[in-house]
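What follows is a short report on a single structure.
Numbering (this note's numbering), first residue to last: 28 to 116.
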């Protein structure tokens, strides 16, 4: 048995057709993957922006609530001091 184990590439019409078809299918899969990646990337970015905006709005509302609570407590304390005074008759 000969020890020469080299593989020769076959160059006939059928093999060339199969190779062209493989390249086409591979290119199609790559193109489809890029589109899906772009779509999902866009969705992730848009979702992230919406979450960030919601967080900013929530921070503003919470700050408003804190300010309102502080002013309410001050008014309550002031009213309590006013009610605790003894009347001058």
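Virtual Cβ for every residue (Gly too), placed ideally from N, Cα, C.
Since we're looking at a predicted model, the values are computed, not measured.
Q | Coarse secondary structure for residue 30, derived from DSSP in three states | A | coil
Q. Roughly how many angstroms separate the alpha carbons of residue 53 and residue 42, rounded to a whole number?
A. 16 Å
Q. Hey, how far is the Cα of residue 96 from the Cα of residue 68?
A. 42 Å
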